[in-house]
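**Q**
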Amino acid sequence: MTMTISRPRPILLSAIKRCIVACSVGFALSTAMAADAPDASDARELHNPPVLLRSDLRLAATALPRGEAPREVALDLDIAYTDNKLFNPASGLWDKVHLRSYTGRGVDPNAPFVAPTIEVTPGETVRISLHNKLPADPDCTNGHLPVNTPHCFNGTNLHSHGLWVSPTGNSDNVLLSINPGVSFQYEYNIPADHPSGTFWYHTHRHGSTALQVSSGMGGALIVRGDRKPDVGHQGDLDTLLRTPSGDPFAERILVMQQIQYACVGADGKLKYKDGKIDWTCNPGETGVIESYDQLSSTSWSDSGHYTSINGVVLPTFTARSGTLERWRLIHAGVRDTISFQLRRMSGNLKSLAQLKVKPEDQQKFADQVCSGPVVPQFVVASDGLTMKHAQKRNLTTLQPAYRDDLLVAFPEPGRYCVVNASAPASGSVTQAATGRQVIGFVDVAPGDKVPDIERFIVDTLVKSAQANMPASVQSQIVADLRNKLSLSKFVPHPDITDDEVKGNMQHLVFYIDTSKPKTTFEIGTDQSDLEPYDPKRIDRVLKLGDAQTWQLESHRAGHPFHIHVNPFQIEKIIDPNGKDVSLPDAVDNPDGKGVDPQYAGLKGVWKDTLWAKGPLPGTTPPKGVYRVYIRTRYERYIGDFVLHCHILDHEDQGMMQNVSIRLPDGAGGVSTGHH
3 MTMTISRPRP
13 ILLSAIKRCI
23 VACSVGFALS
33 TAMAADAPDA
43 SDARELHNPP
53 VLLRSDLRLA
63 ATALPRGEAP
73 REVALDLDIA
83 YTDNKLFNPA
93 SGLWDKVHLR
103 SYTGRGVDPN
113 APFVAPTIEV
123 TPGETVRISL
133 HNKLPADPDC
143 TNGHLPVNTP
153 HCFNGTNLHS
163 HGLWVSPTGN
173 SDNVLLSINP
183 GVSFQYEYNI
193 PADHPSGTFW
203 YHTHRHGSTA
213 LQVSSGMGGA
223 LIVRGDRKPD
233 VGHQGDLDTL
243 LRTPSGDPFA
253 ERILVMQQIQ
263 YACVGADGKL
273 KYKDGKIDWT
283 CNPGETGVIE
293 SYDQLSSTSW
303 SDSGHYTSIN
313 GVVLPTFTAR
323 SGTLERWRLI
333 HAGVRDTISF
343 QLRRMSGNLK
353 SLAQLKVKPE
363 DQQKFADQVC
373 SGPVVPQFVV
383 ASDGLTMKHA
393 QKRNLTTLQP
403 AYRDDLLVAF
413 PEPGRYCVVN
423 ASAPASGSVT
433 QAATGRQVIG
443 FVDVAPGDKV
453 PDIERFIVDT
463 LVKSAQANMP
473 ASVQSQIVAD
483 LRNKLSLSKF
493 VPHPDITDDE
503 VKGNMQHLVF
513 YIDTSKPKTT
523 FEIGTDQSDL
533 EPYDPKRIDR
543 VLKLGDAQTW
553 QLESHRAGHP
563 FHIHVNPFQI
573 EKIIDPNGKD
583 VSLPDAVDNP
593 DGKGVDPQYA
603 GLKGVWKDTL
613 WAKGPLPGTT
623 PPKGVYRVYI
633 RTRYERYIGD
643 FVLHCHILDH
653 EDQGMMQNVS
663 IRLPDGAGGV
673 STGHH
């Protein structure tokens, strides 16, 4: 998308300062939980995922010397099986696991099931060499296997989710299969006007995406920016989230995953009990993810496992009261909804290191221990893109692939809970109401007390603006901040107007057909042309330079819509009664069975992934259907890519389409080439 923004500058010094600030906060409290841990390697303290260290730039063999390329960086990622352990709160013990994972220079060996963070800046060319060191897999070269039956579990590729880069060739091309024993170098030419923000990367090989992502094969991809706003130019939010002395606010990167392992018996096969997978792990057994039987609609809740954060189950954060922090939340799981909430602990726990909570007691434990006052969150960016206003929330709903940047400040010292709050059936991927689950703790050391968190955030940002923003726009930014925390000078994309999209609409319907012997996962423009994925078919041809409205519907269950390359802006979300539930303070409860907060305030927000809610229970489409309207521009890049449901086992089984953006032909249509 077009972005009027000032020229980027080197940010190495900024990154060093950010590390010093973040590390000092953690170091001051690093011993708080050490006494609870029976072994140093078993301590479940939360740290940001390590940053993937840069490699020597390898160029193709030529007779020419290397030219000057100060904006080129090289990274290496290996993919291999990793033997390690994950804490299991159901038993209070550590389960041995044998899982596929990314590895690279500087990866934490004690938390290997989260990929290292990749940090880039606008204007860089980033080369990532991906080395598939998994064992040989005959499924990867068997061309006779049904394309929408999960297969090629050891084949892989790489998707830079949310980046605005080319989808073709050796760029963000997910139509490749990098088979075992093969290495491939991706090249991402990040444009100089690319927004800074929170993005992520993960495997995307059709047929094995869900299995690999559920093993922890996903990581943060942070685009860092130092471009300050000026008259006629937008700026990076990074430049505002700083102290008056110019140091970045303390930052947390939270990669939340649902690692869905099950332990195998002595015969090396999954264990079953009463016709269902037995998710218990006995001493000496090893957890694996080798079957899509582990990835059903209810398997995550059935497993009793916990959402991990940065590869750690039930971790403890350390913080200080009265300190404003930036939290980058990334839902890197496969399917289940996360309702992220912070609460003051209401009970008393002497030890967290050996905590034991049976799966059936998770709700009771949360109610007894974590029912104190809610700590409000202020959302400043969604899917990496800064919002027009910070939005105050008591919880943040994260569907698979969502990212949200929060401003967080703890009002007083003490222990707090990180809770996956309850959600109504209409707001959950599983179509069942969910209970509460504690997924982490925060030990907050004494600092300043904050009686009014919103006022504290406004005052802190105003002080930053007065110290850090250019004089030409300083008064405007200060006035914006005092007006409901407006961030108008940091929004990267201009609104898409009615005139741009007049008379030009795409329709999309998600559907699961259970009437056939084999359930099929389908997409169409309406109920009449639903089909599963066909890699040889181009489903939508779009014209470079156009802007369009898309109308999204789900006719069975809900599905997170994701399209590669270009982000979109939410126009409106209409519930079955005709009400726009994307307005600020809208109440989404059309059947009176529970308020779902996730759509309120999304009108005008830019995203790349959006939940298309399923029809009301007991209704048959077109009755009972939500209609989601989004707008998008097709700018800069041409080529073939995909859209799909981001419940990744749905995508692997056919809920995906091929999309092609092509050049105009000069006569109102699209060019088909010159031959």
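For the sequence shown, the numbering used here assigns the number 3 to the initial residue and increments by one for each residue that follows. All residues carry an ideal CB built from backbone N, CA and C; glycine is no exception.
1) Which of the three DSSP states is assigned to Val567 in this structure?
2) CB Arg633 to CB Glu555, shorter than 8 Å?
3) Spatial neighbours of Leu546 within its chain, please: CB distance less than 7 Å, with the 5 preceding and 5 following residues excluded, ordered by chain position.
4) I need the boundaries of the alpha helix (DSSP H) containing Glu327, first residue and last residue.
5) Starting from Lys390, trace the alpha helix (DSSP H) both ways and give me its first and last residue.
6) Could you tell me which residues DSSP pairs with Ser57 in its beta bridges?
7) Compute the distance between the beta-carbons of Thr241 and Thr432, then report whether it is under 8 Å.
8) Can you tell me where the beta strand (DSSP E) with Asp406 in it begins and where it stops?
9) Would you call the segment 212-222 and the segment 285-298 touching, i.e. three or more CB-CB distances under 8 Å?
10) Starting from the Cα of Val607, find the closest Cα among Leu489, Thr522 and His561 and give me that residue.
11) In terms of residue numbering, what span does the alpha helix (DSSP H) encompassing Asp515 cover?
12) What's the call for Val233, buried or exposed, on a 16-neighbour Cβ count within 10 Å?
13) Measure the alpha-carbon distance for Gly505 versus Pro148 and round it to whole angstroms.
14) Measuring CB to CB, does His648 end up less than 8 Å from Met658?
15) By the DSSP assignment, the beta strand (DSSP E) with Asn134 in it spans what residues?
16) To the nearest whole angstrom, what separates the beta carbons of Cys283 and Asp536, a pair I think is in contact under 8 Å?
17) When you compare only the Cα positions, how much space is there between Arg102 and Gly218?
18) State the Cα-Cα distance for the pair Val53 and Ile130, rounded to the nearest angstrom.
19) Please determine, among Ala411, Ser474, Ser428 and Gln476, the residue with the shortest C-alpha to C-alpha distance to Asp454.
20) DSSP on Pro140, reduced to helix/strand/coil?
21) Excluding the 5 residues flanking Ser173 on each side, which residues of the same chain have their C-beta closer than 8 Å to its C-beta?
22) What are the start and end residues of the alpha helix (DSSP H) that includes Lys230?
23) Using the Cα positions of Arg330 and Thr119, report the straight-line distance between them to the nearest angstrom.
24) So the alpha helix (DSSP H) Ser556 belongs to, where does it begin and stop?
25) What distance in whole Å lies between the Cβ atoms of Gln478 and Ala368, which are believed to be in contact at a cut-off of 8 Å?
26) Could you pull out every residue in the same chain whose Cβ sits closer than 6 Å to the Cβ of Ala669, ignoring the five residues on either side in sequence?
27) Can you find the residues in the same chain that come closer than 7 Å, C-beta to C-beta, to Phe458, ignoring five residues on each side of it along the sequence?
28) Checking the sheet assignment: what are the DSSP bridge partners for Phe201?
29) How many angstroms separate the CA atom of Val583 from the CA atom of Met507?
30) I want to know whether the segment 525-534 touches the segment 507-516 - three or more CB-CB distances under 8 Å.
31) For the beta strand (DSSP E) that contains Trp613, what are its first and last residues?
32) Under a three-way DSSP split, which group does Glu287 fall into?
33) Restricting to Cα atoms, I'd like to know which of Leu48, Asn112, Leu243 and Pro231 is closest to Val460.
34) Give a yes or no on whether the C-beta atoms belonging to Asn159 and Arg226 are separated by under 8 Å.
35) Taking C-alpha atoms, which residue in Lys271, Phe443 and Ala392 lies nearest to Leu349?
36) What residue does the alpha helix (DSSP H) around Val480 start on, and which one ends it?
**A** So, from the listed chains and residues:
1) To locate residue 567, count along the sequence shown from 1; it is residue 565. Here Val567 sits in coil by DSSP.
2) Here the question's residue 633 lines up with position 631 in the sequence shown. Here the question's residue 555 lines up with position 553 in the sequence shown. Arg633 is not a Cβ neighbour of Glu555, given a cutoff of 8 Å.
3) Here the question's residue 546 lines up with position 544 in the sequence shown. So the qualifying residues of the chain are Tyr636, Ile640, Ile663, Arg664, Leu665 and Pro666.
4) To locate residue 327, count along the sequence shown from 1; it is residue 325. Note, Glu327: premise wrong, no alpha helix (DSSP H); beta strand (DSSP E) at Glu327 to His333.
5) As a working note, residue 390 is residue 388 in the sequence shown. Run containing Lys390: none in the alpha helix (DSSP H); it sits in the beta strand (DSSP E), Leu387 to Arg395.
6) Numbered from its first residue, the sequence shown carries residue 57 at position 55. Paired residues: Ala76.
7) Taking the first residue of the sequence shown as 1, we reach residue 241 at position 239. Taking the first residue of the sequence shown as 1, we reach residue 432 at position 430. Going by C-beta atoms, Thr241 is not nearer than 8 Å to Thr432.
8) Along the sequence shown, one-based indexing puts residue 406 at 404. Here the beta strand (DSSP E) through Asp406 covers Arg405 to Val410.
9) yes
10) By 1-based counting over the sequence shown, the position of residue 607 is 605. Comparing Cα positions, the closest option is Leu489.
11) To locate residue 515, count along the sequence shown from 1; it is residue 513. Element bounds for Asp515: not the alpha helix (DSSP H) but the beta strand (DSSP E), Met507 to Asp515.
12) If you number the sequence shown from 1, residue 233 lands on position 231. Val233 comes out exposed.
13) Translated into the one-based positions of the sequence shown, residue 505 becomes position 503. Translated into the one-based positions of the sequence shown, residue 148 becomes position 146. Roughly 39 Å between the two C-alpha positions.
14) As a first step, residue 648 is located in the sequence shown; it is residue number 646 there, counting from the start. As a first step, residue 658 is located in the sequence shown; it is residue number 656 there, counting from the start. No, Cβ-Cβ distance for His648 and Met658 is not below 8 Å.
15) Here residue 134 corresponds to residue number 132 of the sequence shown, with the count starting at 1. Looking at the DSSP string, the run of the beta strand (DSSP E) that includes Asn134 is Thr127 to Asn134.
16) Residue 283 sits at position 281 when you count from the first residue of the sequence shown. Residue 536 sits at position 534 when you count from the first residue of the sequence shown. About 40 Å separates the two Cβ atoms, so there is no contact after all.
17) Translated into the one-based positions of the sequence shown, residue 102 becomes position 100. Translated into the one-based positions of the sequence shown, residue 218 becomes position 216. Arg102 and Gly218: Cα-Cα distance of roughly 8 Å.
18) Position 51 of the sequence shown, counted from the start, is the residue given in the question as residue 53. Position 128 of the sequence shown, counted from the start, is the residue given in the question as residue 130. Val53 and Ile130: Cα-Cα distance of roughly 14 Å.
19) The residue labelled residue 454 in the question sits at position 452 within the sequence shown. Per the Cα distances, Ala411.
20) For the purposes of this step, residue 140 is identified with residue 138 of the sequence shown, where counting begins at 1. Three-state result, Pro140: helix.
21) Locating residue 173 in the sequence shown gives position 171, where the first residue counts as 1. The beta carbon of Ser173 sits closer than 8 Å to those of Val167, Tyr188, Glu189, Tyr190 and Asn191, all from its chain and outside the five residues before and after it, given in chain order.
22) Taking the sequence shown and counting its residues from 1, the one referred to as residue 230 is at position 228. Note, Lys230: premise wrong, no alpha helix (DSSP H); not H, not E.
23) What you label residue 330 is simply residue 328 of the sequence shown in a count that begins at 1. What you label residue 119 is simply residue 117 of the sequence shown in a count that begins at 1. Our two residues, Arg330 and Thr119, have alpha carbons roughly 12 Å apart in a direct line.
24) As a first step, residue 556 is located in the sequence shown; it is residue number 554 there, counting from the start. That residue, Ser556, is in no alpha helix (DSSP H); its beta strand (DSSP E) goes Ala549 to Ser556.
25) Sequence index remark: in the sequence shown, residue 368 carries index 366 (1-based). Sequence index remark: in the sequence shown, residue 478 carries index 476 (1-based). Wrong, their Cβ atoms sit about 44 Å apart, outside the cutoff.
26) Here residue 669 refers to the residue found at position 667 when the sequence shown is read from its first residue. Excluding sequence positions up to five before and after Ala669, its CB lies less than 6 Å from no other CB in the same chain.
27) As a first step, residue 458 must be located in the sequence shown, where it is residue number 456. In the same chain as Phe458, and ignoring 5 residues on each side of it, the C-beta atoms closer than 7 Å to its own belong to Ala411 and Val452, in chain order.
28) What you label residue 201 is simply residue 199 of the sequence shown in a count that begins at 1. Answer by DSSP bridge pairing, in chain order: Leu223.
29) Looking up residue 583 in the sequence shown gives position 581. Looking up residue 507 in the sequence shown gives position 505. Each residue's alpha carbon lies about 21 Å from the other.
30) yes
31) On the sequence shown, residue 613 is found 611 positions in, with the first residue counted as 1. Per DSSP, Trp613 belongs to the beta strand (DSSP E) from Thr611 to Ala614.
32) For the purposes of this step, residue 287 is identified with residue 285 of the sequence shown, where counting begins at 1. The answer is coil: DSSP assigns Glu287 none of H, G, I, E or B.
33) Counting from 1 along the sequence shown, the entry for residue 460 is found at position 458. Closest option to Val460, Cα to Cα, is Leu243.
34) Position 157 of the sequence shown, counted from the start, is the residue given in the question as residue 159. Position 224 of the sequence shown, counted from the start, is the residue given in the question as residue 226. Arg226 sits away from Asn159, with the two beta carbons spaced by 8 Å or more.
35) Stepping through the sequence shown from its first residue, residue 349 is reached at position 347. In the sequence under discussion, the amino acid at residue 349 is Gly, which differs from the Leu named in the question. The residue among Lys271, Phe443 and Ala392 with its C-alpha nearest the C-alpha of Gly349 is Phe443.
36) Working through the sequence shown from its first residue, we reach residue 480 at position 478. For Val480, the uninterrupted alpha helix (DSSP H) segment begins and ends at Ala473 to Arg484.
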